[in-house]
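Sequence order for the protein chains is A and B. Per this note's numbering, the first sequence runs over residues 1 to 301. Per this note's numbering, the second sequence runs over residues 1 to 301.
Number of protein chains: 2
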Amino acid sequence: MKLTILGCYAATPRTFTNPTSQVLEIKNRLFLIDCGEGTQVQLRKNKIKFSKINQIFISHLHGDHFFGLIGLISTFSLLNCNNDLHIYGPKGIKEIIMLQLRLSNSWPNFGLHFYELTSGQSELIYEDEKVLVKTIPLKHRVYTNGFLFQEKIDKRKLNIEAVEQYQIEKCYYQNIKNGKDILLDDGTLVSNEQLTFDPEQPRSYAFCSDTAYNEAVLPIIEKTDILYHEATFLQSEVNLAAKTMHSTAIEAATIAEKAQVKQLILGHYSTRYEAIELFKVEAETVFPNVLLADDGKTFDL
Amino acid sequence: MKLTILGCYAATPRTFTNPTSQVLEIKNRLFLIDCGEGTQVQLRKNKIKFSKINQIFISHLHGDHFFGLIGLISTFSLLNCNNDLHIYGPKGIKEIIMLQLRLSNSWPNFGLHFYELTSGQSELIYEDEKVLVKTIPLKHRVYTNGFLFQEKIDKRKLNIEAVEQYQIEKCYYQNIKNGKDILLDDGTLVSNEQLTFDPEQPRSYAFCSDTAYNEAVLPIIEKTDILYHEATFLQSEVNLAAKTMHSTAIEAATIAEKAQVKQLILGHYSTRYEAIELFKVEAETVFPNVLLADDGKTFDL
Chain A
1 MKLTILGCYA ATPRTFTNPT SQVLEIKNRL FLIDCGEGTQ VQLRKNKIKF
51 SKINQIFISH LHGDHFFGLI GLISTFSLLN CNNDLHIYGP KGIKEIIMLQ
101 LRLSNSWPNF GLHFYELTSG QSELIYEDEK VLVKTIPLKH RVYTNGFLFQ
151 EKIDKRKLNI EAVEQYQIEK CYYQNIKNGK DILLDDGTLV SNEQLTFDPE
201 QPRSYAFCSD TAYNEAVLPI IEKTDILYHE ATFLQSEVNL AAKTMHSTAI
251 EAATIAEKAQ VKQLILGHYS TRYEAIELFK VEAETVFPNV LLADDGKTFD
301 L
Chain B
1 MKLTILGCYA ATPRTFTNPT SQVLEIKNRL FLIDCGEGTQ VQLRKNKIKF
51 SKINQIFISH LHGDHFFGLI GLISTFSLLN CNNDLHIYGP KGIKEIIMLQ
101 LRLSNSWPNF GLHFYELTSG QSELIYEDEK VLVKTIPLKH RVYTNGFLFQ
151 EKIDKRKLNI EAVEQYQIEK CYYQNIKNGK DILLDDGTLV SNEQLTFDPE
201 QPRSYAFCSD TAYNEAVLPI IEKTDILYHE ATFLQSEVNL AAKTMHSTAI
251 EAATIAEKAQ VKQLILGHYS TRYEAIELFK VEAETVFPNV LLADDGKTFD
301 L
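In structure tokens, the structure reads:
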């Protein structure tokens, strides 16, 4: 699992910082999470192939989280990327994109599929053989969801030495991986545990931005491996955080602590701060494992 | 008159090139012309004060000419710029912007005035004490206008030596600047030409992008000082230019030659070309005074 931060600063793009966008690579799938203005250029700078982006998750319709989407779609179209795009985001996103495509008379040469979200409850919005994605309803000034990405439990791994020792034929290997016990020709029952190793523990990543301090997320993100939680402000601006429905670093860390996650990554810093190190310092007073997102940074998780 | 090129490449923003946007400074007014994705960052990089941008002209609703507009408006609002914004562009631009403001529930704290264009004829769309702006209907795949910026003729300039010699009182100076003759107390009529200098010749700038070769623009831009004309392609791609309703460098130069403009600036280069020098070489086979636009370049005109 690998996370690439394309942008992690609040509000407005600037010369050297970018609004929210990140790419999560999980089980060889790439998921684009949020798409602030300039995301397509950030993808280029971070050498992420456009053609690998097929699923896009938009948390909410504030500009610093989606103004880059229409440009991304247009560029994919101009460059003749021909994979379908699936876009998950708040109701209204389809109208915004389709209006602009209609007025520019520029229809993409690939399928554009919208999954508009309206629920206030966590829901499963994506599932394939290896990965699940669920929404994490957040508390912000407009309808907002975070997203929980979960690997499914892999099949058990064949213990080649063991199966060869029992002289089991290859045609049974798939059954063994699926968890079946094996009855040998001499009537001996060999339990699956003797023939396989445990699969790797499935990992999970929760993206929570933008949100006020909100304990309602705890049951959804409980024991998640990695939590990206917005920390727009330091504690000195706690009142401003409450007013604008954002979090402080300490609030983000409190959520991490209470949800018993393994690792917290902070981001969505207000551009009022000249340096971001204090976010880590403040968060670590509450929760020990804190990393700081920054534009262009990658995390091998 | 000063022209700053924020972006002048066709189609998609890339790591080191930007889609169309430019700032024309004329008579101490700043006019923003087109607003591709990333324009707000280009304004920052070129140290152009956001607060000086009040008039925005959008040629057409292809993304590389307007996808940066919603982000610009949002940023002006977030930064509490409180000057009204006046936006001139094709019908539909208001719906695009208002839909996004409505869905993000982010209303700017300044007036936002839209002037939607639908005419196929050149029309006067802006006028103040010193400057006029007229549309230049262009020929492209969607409804498109270029813009002609014209200084008005200044008042005549007072010849201080002359008025003092005739001992004319100061209260008459404004009348003299307005062109009036003066009757002295002794009955002598002093003609205005004796008391004033000619004003500077008013200058003009024509922006023509995007467009196929289109002689219909000639009467509108005739004898313009500076013509910015798109040259998306070199002559080797003349058929592609015709098909996509763009121009070649030679076609742009032919328009410049036939319109008897003083200076041609080329831009809107296709990103297929590694270097842009050949655009100048080809254009100069038809018209002598050719300059190449490039991102971040300024022209003191």
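Ideal Cβ placement from N, Cα and C applies to all residues, glycine included.
- Residue burial is scored here from C-beta neighbours: histidine 113 of chain A has fewer than 16 other C-beta atoms within 10 angstroms and is therefore classed as exposed.
- Check the Cα spacing between serine 74 of chain A and each of A:Lys91, A:Pro219, A:Tyr173, A:Thr39: the tightest is with A:Thr39.
- Listed along the chain, the chain B residues whose CB falls inside 8 Å of the CB of lysine 94 of chain A amount to none; the nearest CB is some 11 Å away.
- Chain A places a beta carbon closer than 8 Å to that of threonine 75 of chain B, counting this residue as a contact.
- Separation of the CB atoms of isoleucine 93 of chain A and isoleucine 58 of chain A is rounded to 6 Å, and the pair is thereby assigned contact status at 8 Å.
- The alpha helix (DSSP H) runs lying completely inside the stretch 170 to 227 of chain B and spanning 4 residues or more are 173 to 177, 192 to 195, 218 to 221, given in chain order.
- The stretch 278 to 292 of chain B and the stretch 255 to 266 of chain B touch, with no fewer than 3 CB-CB distances between them shorter than 8 Å.
- Chain order gives the chain B residues near glutamine 100 of chain A as Ile96, where near means a beta carbon separation below 7 Å.
- Chain-order list of chain B residues neighbouring leucine 85 of chain A: empty, with the shortest C-beta distance near 15 Å, by a criterion of under 8 Å.
- By alpha-carbon distance to glutamate 193 of chain A, the top candidate from A:Val163, A:Asp186, A:Asp210, A:Cys208 is A:Val163.
- No Cβ of chain A is located within less than 8 Å of the beta carbon of valine 286 of chain B.
- Residue contact with chain A for isoleucine 70 of chain B: present (Cβ-Cβ distance below 8 Å to some residue of chain A).
- Burial check for isoleucine 53 of chain A: the Cβ neighbour count within 10 Å reaches 16 or more, so the residue is buried.
- For glycine 267 of chain B, the three-state secondary structure derived from DSSP is strand.
- Counting only residues of its own chain and dropping the five nearest sequence neighbours on each side, aspartate 294 of chain A has no CB closer than 6 Å to any other CB.
- Within the same chain, and ignoring the five residues on either side of aspartate 128 of chain B in sequence, the residues whose Cβ sits closer than 8 Å to its Cβ are Arg29.
- When secondary structure is reduced to three states using DSSP, phenylalanine 50 of chain A falls in the helix class.
- By the Cβ test, the stretch 69 to 86 of chain B is in contact with the stretch 95 to 110 of chain B, since at least three Cβ pairs between them sit closer than 8 Å.
- Close partners of asparagine 105 of chain B in chain A (Cβ separation under 7 Å): Arg141, Val142.
- A residue is called buried once 16 or more other Cβ atoms fall within 10 Å of its Cβ, and lysine 134 of chain A is buried on that count.
- Between leucine 158 of chain A and lysine 130 of chain A a beta carbon distance of about 18 Å is seen, past the 8 Å cut, so the two are scored as non-contacting.
- Histidine 65 of chain B: not part of any beta strand (DSSP E); member of the alpha helix (DSSP H) spanning 63 to 66, first to last residue.
- Glycine 89 of chain A is bridged by DSSP to A:Glu116.
- Histidine 140 of chain B and lysine 27 of chain B have their alpha carbons spaced roughly 31 Å apart.
- Non-local beta-carbon contacts of glutamine 167 of chain B in its own chain, meaning distances under 7 Å to residues more than five positions away in sequence, are absent.
- A residue is called buried once 16 or more other Cβ atoms fall within 10 Å of its Cβ, and cysteine 171 of chain B, having fewer, is exposed.
- Nearest to leucine 148 of chain A by C-alpha distance, out of A:Tyr9, A:Gln165, A:Arg156, A:Ser122, is A:Ser122.
- Nearest CB-CB separation between lysine 45 of chain A and chain B: below the 8 Å threshold.
- Residue contact check for arginine 14 of chain A against chain B: a CB pair falls below 8 Å.
- Close partners of phenylalanine 67 of chain B in chain A (Cβ separation under 9 Å): Glu37, Phe67, Gly68, Ile70, Gly71, Ser74, Gln100.
- Taking a Cβ-Cβ threshold of 7 Å, the residues of chain A close to leucine 78 of chain B are Ala11, Thr12, in chain order.
- When DSSP states are grouped into helix, strand and coil, lysine 2 of chain A belongs to the strand group.
- At a cut-off of 8 Å between beta-carbon atoms, valine 133 of chain A makes no contact with chain B.
- For histidine 62 of chain A, the closest Cβ of chain B is nearer than 8 Å.
- Leaving aside the five residues that flank isoleucine 250 of chain B on each side, the residues in its chain whose CB is nearer than 6 Å to its CB run, in chain order, Gln235, Glu282, Val286.
- In the DSSP assignment, proline 137 of chain A is bridged to A:Asn145.
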